[in-house]
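Everything on this sheet refers to the single structure shown next.
Protein chains in written order, with the numbering used here: chain A, 86 to 388; chain B, 86 to 388.
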């Protein structure tokens, strides 16, 4: 049984604008965010067989409803006319799922990179990512994660879409930065980006944000605009707002909500980590705290 | 005096097609190639001053005619209305210059990344690379190096232009590959890509090569198409043809000419390096031999 392992960084969106398009590959979002070194490690095993079976697990627990990974598997099986395969997939997810870290995009990319190799599908990096993007967008689980996770870094999504369709740019940043994330739970992405009234508020808040970031493409401006976006879009849960207010008050202004989760992220010099942790824990201690680096490499095979 | 160091990988073009455009940012080439871990290390120092002076060196030797670096400096000075600065630039070049390794693109990217920081110009990665691309294209020193060197990897240039304008894709490749390069001297890029009859032959040979590579985006197909291109474009110098024939005869078929230099490159498993060296040295020993890895990171600040 052939086996491949793929790592995909988590991706935190700071602000975004929903860009509908009848073509899935051009649909997506404009916006900006950051990829981090905690991610999704996908292990895939494929074996030719007389019978077909597909088993998808998350953190070693079998799941029946892993619709995004399943979508990617179906695309590959369709291409080869459903030859019989035993496919086993396990996603090890190094962050809380559903909290705005791009778990679905990471899983989709992992499956696509892996099946491309194991089924000898001869796809390029863009082509693999395009299938993952389609899986995300058609399941309404995300809009801009896949193109961001493909390349990593601190990205500006200038134009929406999958790699090869969307246009990505990146911000330079000093080394020694850390990304501190704190999560209190889920927000159902589908219920936000699938709801017309939410969409109108988001797009009003997100309009011109990319343009304003390009005027000063720095971490501090990214986070300032992200916080402005989060407040104007009325998306910040009260518990998260409380912590963010305190962080800003104490000078940690490079802090905002993670889109879309009951979560926040703060970008800061390594030396401030313990103080930032203290501020967060003054308000809440039952969430998940992650300290990560910025990931510059994007999705990659790690065999 | 503030100082920044930028590393840019060398870039070897396997095949290409010249794509003219009245807009410099959209002009360039379709084609494919590989970025390697030998590169251009650019060290820049900038100081505000009452007088202006610009000093450009290559390998610590002052040059009066470093026109591509000078073009980039001028673009930055123009933006700030020629405020007075003392600018010192030194390019350390880890490969033979003018032999098809993308020295000019590497130098241009290095200067652009560096001046963006030192002059606080608030540019994104694409914006820095766009200035470098303009410097290359308007000096006819290269067409596709800058976008390739910005991202690294084994690239397919699907559409011509600078980052943000051209469309890049990448080929997956196994780890443990090495790139063996051998150079016997210069070919003047300007005399080839500036000559109408050469251009016609090149574009005839390069047509459909990207499409054919996409059908099987692998190292072996890249090198097969590159060798076909090199032969059909009548660009292979006799001394290089002799060595390439021998390499192919002995099974090292992932070998072709570097566009544009009196140079060849061979991609192979690490274990074959000494045999490949022997084959080359059977024909020639007065050239420069480099063994490098594929560079996946692209241009980067290395302070």
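We put the CB at the ideal spot given by N, CA and C, even for glycine.
For residue i, the residue or residues it bridges with in DSSP
i: residue 94 of chain B; result: B:124
i: residue 265 of chain B; result: B:351 and B:376
i: residue 254 of chain B; result: B:241
i: residue 87 of chain B; result: B:131
i: residue 56 of chain B; result: Only positions 86 to 388 of chain B appear in the structure, and residue 56 of chain B is not among them; the question remains open.
i: residue 271 of chain B; result: B:346
i: residue 140 of chain B; result: B:173
i: residue 160 of chain A; result: Partner(s): none; residue 160 of chain A has no beta bridge.
i: residue 147 of chain A; result: A:142
i: residue 385 of chain B; result: B:92
i: residue 248 of chain B; result: B:251
i: residue 341 of chain A; result: A:350
i: residue 153 of chain B; result: Paired residue(s): none; residue 153 of chain B is not in a bridge.
i: residue 118 of chain B; result: B:98 and B:240
7 angstroms Cβ shell around residue i - same chain, five flanking residues per side excluded
i: residue 145 of chain B; result: 175
i: residue 311 of chain B; result: 99, 100 and 341
i: residue 376 of chain B; result: 263, 265 and 358
i: residue 298 of chain A; result: 117, 241, 306, 307 and 310
i: residue 109 of chain B; result: 219, 222 and 223
i: residue 401 of chain A; result: Residue 401 of chain A cannot be examined here, being either before or after the span of chain A that is shown, 86 to 388.
i: residue 193 of chain B; result: 153, 154, 157, 217, 220, 221 and 231
i: residue 317 of chain A; result: 290
i: residue 315 of chain A; result: 321, 341 and 342
i: residue 335 of chain A; result: 364
Neighbourhood of residue i by C-beta, 8 angstroms cutoff - its chain only, sequence neighbours within 5 removed
i: residue 225 of chain B; result: 274, 275, 278 and 279
i: residue 105 of chain A; result: 112
i: residue 255 of chain A; result: 236, 238, 239, 240 and 241
i: residue 204 of chain A; result: 131, 161, 165 and 170
i: residue 245 of chain B; result: 104, 106, 111, 112, 113, 114, 115, 228, 229 and 251
i: residue 292 of chain A; result: 102
i: residue 361 of chain A; result: 265, 332, 337, 351 and 353
i: residue 324 of chain B; result: 269, 347, 368 and 369
Nearest candidate by alpha-carbon position, reference residue i, set the options
i: residue 173 of chain B; options: B:204, B:132 and B:187; result: B:132
i: residue 164 of chain A; options: A:313, A:213, A:186 and A:241; result: A:213
i: residue 337 of chain A; options: A:305, A:314 and A:317; result: A:305
i: residue 329 of chain A; options: A:354, A:380, A:302 and A:363; result: A:363
i: residue 271 of chain B; options: B:190, B:185 and B:158; result: B:185
i: residue 97 of chain B; options: B:233, B:354 and B:327; result: B:233
i: residue 137 of chain B; options: B:124, B:91, B:168 and B:316; result: B:168
i: residue 88 of chain A; options: A:199, A:178, A:288 and A:149; result: A:199
i: residue 125 of chain B; options: B:343, B:326, B:190 and B:282; result: B:190
i: residue 210 of chain A; options: B:370, B:188, B:288 and B:303; result: B:303
i: residue 369 of chain A; options: A:335, A:326 and A:261; result: A:326
i: residue 301 of chain B; options: B:313, B:335 and B:257; result: B:257
i: residue 261 of chain B; options: B:135, B:378 and B:317; result: B:378
i: residue 119 of chain A; options: A:290, A:253, A:177 and A:135; result: A:253
i: residue 177 of chain B; options: B:135, B:128 and B:356; result: B:128
Chain-order list of residues whose beta-carbon lies under 6 angstroms from that of residue i (same chain, five-residue window excluded)
i: residue 322 of chain A; result: 347
i: residue 267 of chain A; result: 349, 365, 372 and 374
i: residue 208 of chain A; result: 201
i: residue 284 of chain B; result: 103
i: residue 181 of chain A; result: 268 and 373
i: residue 152 of chain A; result: 224
i: residue 383 of chain B; result: 235, 236 and 237
i: residue 95 of chain A; result: 121, 123, 124, 180, 186 and 187
i: residue 86 of chain A; result: 130 and 132
Assumed close pair residue i, residue j - CB separation to whole angstroms, cut-off 8 angstroms
i: residue 367 of chain A; j: residue 122 of chain A; result: With 8 angstroms as the limit, residue 367 of chain A and residue 122 of chain A do not qualify as a contact, their Cβ atoms being about 27 angstroms apart.
i: residue 259 of chain B; j: residue 215 of chain B; result: No, residue 259 of chain B and residue 215 of chain B are not in contact; Cβ-Cβ is about 33 angstroms, not under 8 angstroms.
i: residue 286 of chain A; j: residue 319 of chain A; result: 6 angstroms
i: residue 93 of chain A; j: residue 157 of chain A; result: Rounded, the Cβ-Cβ distance is 12 angstroms, inconsistent with contact.
i: residue 295 of chain A; j: residue 243 of chain A; result: 6 angstroms
i: residue 387 of chain B; j: residue 90 of chain B; result: 5 angstroms
i: residue 148 of chain B; j: residue 139 of chain B; result: Not really, about 11 angstroms apart at Cβ, beyond 8 angstroms.
Exercise for the section: With 9 angstroms as the limit, tell me which residues of the region 187-215 of chain B have their beta carbon closer than that to any beta carbon of chain A; keep them in chain order. Expected result: 198, 201, 202, 207, 208, 209, 210, 211, 212 and 213
Handout entry: chain B contacts made by the region 249-262 of chain A, where a contact means CB separation under 7 angstroms
Key = 249, 252, 254, 255, 256 and 257
Exercise for the section: Closer than 7 angstroms, Cβ to Cβ, to anything on chain B: give me those residues from the region 145-157 of chain A, in chain order. Expected result: none
Practice task
Give the residues from the region 292-303 of chain A that approach chain B closer than 8 angstroms (Cβ to any Cβ), ordered along the chain.
Solution key: 299, 300, 301, 302 and 303
Problem - Positions along the region 327-355 of chain B whose CB lies within less than 7 angstroms of some CB in chain A - result: none
Handout entry: Interface residues of the region 375-386 of chain B facing chain A [CB-CB below 9 angstroms]
Key = 381, 382, 385 and 386
Problem - Residues of the region 226-246 of chain B whose Cβ lies closer than 9 angstroms to any Cβ of chain A, in chain order - result: 236, 238, 241 and 243
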